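Beneath this line is the structure, given in structure tokens, with notes to follow.
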Amino acid sequence: MKPLVGLLALGCAAFASAQTVMGLPESSSNVRFQTVSSGTNAKTNAPGLYVLNEPVGWENYWRAHHNGPMPQLENGFFYRWRLVAVHAGNRPSGGYGLGVTRIQRNIDKALISAIEFTPPRNARNTMAITSPWILLRVETGAFDFNLQTQKVVGYPAGAQVVGGGSTTMKIGGATITIVGGCDHCGHRGRGGCRCDRHGRGCDCRD
Numbered sequence: 087m088k089p090l091v092g093l094l095a096l097g098c099a100a101f102a103s104a105q106t107v108m109g110l111p112e113s114s115s116n117v118r119f120q121t122v123s124s125g126t127n128a129k130t131n132a133p134g135l136y137v138l139n140e141p142v143g144w145e146n147y148w149r150a151h152h153n154g155p156m157p158q159l160e161n162g163f164f165y166r167w168r169l170v171a172v173h174a175g176n177r178p179s180g181g182y183g184l185g186v187t188r189i190q191r192n193i194d195k196a197l198i199s200a201i202e203f204t205p206p207r208n209a210r211n212t213m214a215i216t217s218p219w220i221l222l223r224v225e226t227g228a229f230d231f232n233l234q235t236q237k238v239v240g241y242p243a244g245a246q247v248v249g250g251g252s253t254t255m256k257i258g259g260a261t262i263t264i265v266g267g268c269d270h271c272g273h274r275g276r277g278g279c280r281c282d283r284h285g286r287g288c289d290c291r292d
């Protein structure tokens with residue numbers, strides 16, 4: 087499956103591990119959205135923006151781009167929502183990731199505002215190649231998507247660690263929570279992961 091729209095200068099946000107990112111839209115957002123899932127080990131090595139409007143396209147996208155279990159959607163999901171996936175493409179190490187703060191519609195276009203996290207200089211990250219991604223559910227509507235990103239090095243000022251390896255932060259009115267975990271088995275928190283693939287950028291390694 088080819089991306090609908092290419093990423094615009096996205097070196098995208100992650101941390102040295104796989105992650106789940108849950109974003110609440112800013113007050114200035116006029117398009118409802120919620121993060122379904124995210125991670126750092128997509129199968130694809132190319133950047134892209136994918137818009138998925140029906141079950142077959144969704145299943146084909148997931149099989150082509152991911153190794154882990156496909157997130158389950160409620161019955162009738164595509165009557166109310168569409169899925170939008172953003173892929174950063176390959177990054178040379180851990181420490182990259184992606185969050186979305188708002189989606190703003192203007193007539194027949196909707197602008198996705200993303201934050202790209204990049205590792206600080208001299209940060210200790212895995213040197214394995216990573217491929218960050220984020221999957222959103224977005225309300226249906228007669229509009230297409232564009233993407234813009236803002237780069238942030240490391241954790242933003244004011245980030246608060248809330249336990250269990252998770253972090254919450256306020257960025258431009260949006261609340262973003264990052265929870266460390268395994269892309270492949272879903273385990274979260276350090277220690278105890280028994281997935282034979284959890285070493286690929288996962289922070290739950292014993």
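Each residue of the sequence shown is one higher than the last, beginning at 87 in my numbering.
All C-beta atoms, glycine included, are put in the ideal place defined by N, C-alpha and C.
This one's a predicted model, so the numbers in the text were calculated from it and none came from an experiment.
Annotated three-state conformation of H151 is helix, per DSSP. Here the segment 227 to 237 makes contact with the segment 198 to 205; the two share three or more CB pairs at distances below 8 Å. Comparing alpha-carbon positions, the option among R168, W144, G181 lying closest to N208 turns out to be G181. A direct Cα-Cα distance of roughly 8 Å separates I220 from V122. Under the Cβ criterion (8 Å, minimum of three pairs), the segment 129 to 149 counts as touching the segment 159 to 179. Check the Cα spacing between L222 and each of I198, T212, T216: the tightest is with I198. Secondary structure at R168: strand, using DSSP grouped into helix, strand and coil. Distance check between V224 and each of A214, I189, M213 places I189 closest, using alpha-carbon atoms only. Here DSSP, grouped into helix, strand and coil, assigns E225 to strand.
Burial check for G227: the Cβ neighbour count within 10 Å stays below 16, so the residue is exposed. Distance from the Cα of I215 is smallest, within the candidate group N116, F119, T126, M156, for T126.
For L233, the pairing in a beta bridge is given by DSSP as I198.
Per the coordinates, the alpha-carbon of Q158 lies some 31 Å from the alpha-carbon of I193. Under a 10 Å Cβ-count criterion, V186 is classified as buried, with 16 or more other Cβ atoms of the shown protein chains found around its own Cβ.
Distance from the CA atom of R191 to the CA atom of V117, rounded to whole angstroms, is 6 Å.
Counting the other Cβ atoms within 10 Å of the Cβ of R177 gives 16 or more, which makes it buried. Put simply, the backbone Cα of T212 is about 6 Å away from that of S179. Taking 9 Å as the cut-off, the beta carbon of G183 is found closer than this to the beta carbon of P218. Rounded to whole angstroms, the gap between the alpha carbons of N232 and F164 is 21 Å.
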